[in-house]
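*Asks:*
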Amino acid sequence: MINNPSVLNIDPNLKSWIPYSEDSDFPIQNLPLGVFSRNQDPKKLCSIIGDQIIDLSSLAGLSEALGISNSFFTNNSLNPLMAHGKATLRNIRRYLSEVFSTQNLNRASFEKSLIPRQQVELHLPIQCGDYTDFYSSKEHATNVGIMFRDPANALLPNWLHLPVGYHGRASSIVVSGTPVVRPAGQIVSKDGEPPIYSKSRQLDFELEMAFVVGKGNDLAHPIPLSQTKEHIHGLMLFNDWSARDIQKWEYVPLGPFLGKNFCSTISPWLIDLDALEPFAVENPIQDPQPLDYLHQTGKNNYNIELEVLLNGHPISHSNTKYLYWSMFQQLAHHTVNGCNMRIGDICASGTISGPTPNSYGSMLELAWKGTKPITLPDGSTRVFLQDGDQLELKAFAQGNGFRIGFGECKGTIVS
Ligand code: CA
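Take a look at the structure:
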């Protein structure tokens, strides 16, 4: 049995005997968890270094070192493993960092568990019962307020006092690579005229970061802000596809519904908060100071660079450090009324827009409500997404000589 470390910070100078380049998303300091299958075999849990999938179910000595049954690793989701507790998850990363480090000269027995990335299919790694979407970027909320309400009062009165959110739909969260079918619904094509039934003409993306609940809370037992970190296992990249025309007609007065719940794309790897801890930064200053249950100090945001590519062409660069409300405040607020969270629940940040026009996290803002079309290298322009377009989100925290990357989060629009 390995000793339980309180926090696992893998030495930034550690090297692996598995080769990878400095710009790989998956150095030995990352060690995310995922679910894979090969050919017609059942799904199993894995990690990754460079472009080598690590089959945890066959990794020599792992279940013995952890003192748990190997059946945890022949599972089709990470939920049972997360239920086992953070100490077990930390010990997995510790074990992987030891056996795949260059300091380990006994490599043959571990090489047998490596599979090239291109030989496997990656799946949604968690079983998600509930999904909540926040609205925590001040820049995004301000931009939307300017476009659709009043430039002088862009933020609604509650926004600076609580992390605004809505309950989304978990059933339509899909793993990266799944085609995105253009939704149909009620739209009003001309102001003042009755609605028509139509395919959406204003299909958009939303650049978001999601956290995954690794430890639940009982009904009527809120999670205090000081304990929220113990309840969050890690982060995943999230695209909250949005049909703006459906959304615009339906959202009053109860908020987003069919304009959002037709599909959300998530990246296949769960990035451990421990791996991101060296990249923690302070939040933007919160003024007015929030109520006591949301009052935080220290470093509660992360410096994670974000990029958006449309048909391979970069159209936006942002960063999770711009988020006004931290994920810890989001979780404390979500449970302050006694709402119970369960293992595998996903909470997304809301669109992460930065302060400048090249850092906006949606087509709505990048093309400013259709008034500033984006020009692509082939000369074509976009104000919203067209059929056949591929939209990809990328994210990484840059270390010295390595980066903690999130893998791909992409989808192609089909009619
Ligand atoms: Ca959203």
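Our numbering puts the first residue of the sequence shown at 520, with every later residue one more than the last. We treat Cβ as the ideally placed atom computed from N, Cα and C, and that holds for glycine. Owing to the predicted nature of the structure, the values given are computational and were not obtained by experimental measurement.
1) Cβ-heavy atom distance between Asp-759 and ligand 1 below 7 Å?
2) Quick one: complete alpha helix (DSSP H) runs, 4+ long, within the stretch 590–623?
3) Are Gly-873 and Ser-845 closer than 8 Å when you measure CB to CB?
4) With respect to 7 Å, is the separation between the Cβ of Asp-737 and the closest non-hydrogen atom of ligand 1 below this value?
5) Whole angstroms is fine: what's the gap from Lys-534's alpha carbon to Asn-780's?
6) Under a Cβ-count criterion, where at least 16 other Cβ atoms within 10 Å of its own Cβ denotes burial, should Gly-907 be classed as buried or exposed?
7) Is any heavy atom of ligand 1 found at a distance shorter than 7 Å from the C-beta of Glu-512?
8) Excluding the 5 residues flanking Asn-822 on each side, which residues of the same chain have their C-beta closer than 7 Å to its C-beta?
9) Using alpha carbons as the reference points, say which of Lys-767, Leu-792, Thr-607, Asn-856 lies closest to Phe-925.
10) Given a threshold of 16 other Cβ atoms within 10 Å of its Cβ, counted over all protein chains shown, does Asp-897 qualify as buried or as exposed?
11) Taking one C-beta from the stretch 879–895 and one from the stretch 707–714 each time, how about it: are there three or more such pairs within less than 8 Å?
12) In the DSSP output, which residue or residues are listed as bridge partners for Pro-833?
13) Using beta-carbon positions only, say whether Val-699 and Thr-870 come within less than 8 Å of one another.
14) What does the Cβ neighbour count give for His-740, buried or exposed, with the cut at 16 atoms within 10 Å?
15) In or out: Tyr-812 buried (at least 16 other Cβ within 10 Å) or exposed?
16) Which residues mark the beginning and the end of the beta strand (DSSP E) in which Asp-652 is found?
17) Under 8 Å between the Cβ atoms of Gly-569 and Pro-787?
18) When the distance is taken between beta carbons, is Thr-651 closer than 8 Å to Cys-866?
19) Is Asp-864 a contact residue of ligand 1, with contact defined as CB to any heavy atom under 7 Å?
20) Return yes when the Cβ of Leu-910 is within less than 8 Å of the Cβ of Leu-850, no when it is not.
21) Any idea what DSSP makes of Pro-524, helix, strand or coil?
22) Mark Phe-738 as exposed unless 16 or more other C-beta atoms lie within 10 angstroms of its C-beta, in which case mark it buried.
23) Given the structure, does Thr-661 come close to ligand 1, in the sense that its CB is under 7 Å from one of the ligand's heavy atoms?
24) Which of the three DSSP states is assigned to Ser-878 in this structure?
25) Assuming Leu-633 is part of the beta strand (DSSP E), what are its boundary residues?
26) Checking the sheet assignment: what are the DSSP bridge partners for Tyr-821?
27) Quick test of your reading: Leu-550 and Ser-628, contact by CB under 8 Å. State the CB separation rounded to the nearest angstrom.
28) Residues in the same chain with beta-carbon distance under 7 Å from Ser-655, minus the five sequence neighbours each way, listed in chain order, please.
29) Asp-649: beta carbon under 7 Å from a heavy atom of ligand 1?
30) When the Cα atoms are used, what is the spatial distance from Asn-662 to Ile-573?
31) Against chain B, does Leu-550 count as a neighbour if the rule is that its beta carbon must be under 8 Å from one of theirs?
32) Can you confirm whether the stretch 740–760 touches the stretch 855–863 when touching is taken to mean that 3 or more C-beta pairs between the two stretches lie within less than 8 Å?
33) Check each candidate in Thr-900, Glu-824, Asn-758, Val-732 and name the one with the smallest Cα separation from Thr-854.
34) Please go through the same chain and pick out, in chain order, the residues whose beta-carbon is closer than 8 Å to the beta-carbon of Asp-723, but skip the five residues on each side of it.
*Replies:* On the basis of the data shown:
1) yes
2) The qualifying runs are 598–602, 605–618.
3) No; because the gap between Cβ atoms is not below 8 Å, this pair is not in contact.
4) no
5) 42 Å
6) So Gly-907 ends up on the exposed side.
7) Outside the shown range of the chain (520 to 934) lies residue 512, about which nothing can therefore be said.
8) Phe-798, Val-800, Asn-838, Lys-840, Ala-916
9) Leu-792
10) Answer is exposed; the Cβ neighbour count stays below 16.
11) no
12) Leu-828
13) no
14) Taking a 10 Å sphere around the C-beta of His-740, we find fewer than 16 other C-beta atoms and assign the residue as exposed.
15) exposed
16) 650–653
17) no
18) In terms of Cβ geometry, Cys-866 and Thr-651 form a close pair [threshold 8 Å].
19) no
20) no
21) Interpretation of Pro-524 is limited by its pLDDT of 44, a score under 50 that renders its predicted location unreliable; the figure taken from the coordinates is listed afterwards. Three-state DSSP puts Pro-524 in coil, outside helix and strand.
22) Correcting the residue identity first, residue 738 is Leu in this sequence and not Phe. Flag for Leu-738 reads exposed.
23) no
24) helix
25) 633–635
26) Ala-799
27) Not quite, the Cβ-Cβ distance comes to about 19 Å (not below 8 Å), so this is no contact.
28) Excluding sequence neighbours, Ser-655 sits near Pro-682, Leu-842, Tyr-843, Trp-844, Gln-849, Ser-868, Gly-869.
29) no
30) 43 Å
31) Among the protein chains of the structure shown there is no chain B, as only one such chain exists.
32) yes
33) Among Thr-900, Glu-824, Asn-758, Val-732, the Cα nearest to that of Thr-854 belongs to Val-732.
34) Trp-760, Ser-761, Ala-762, Arg-763, Ser-881, Met-882, Leu-883, Phe-903, Leu-904
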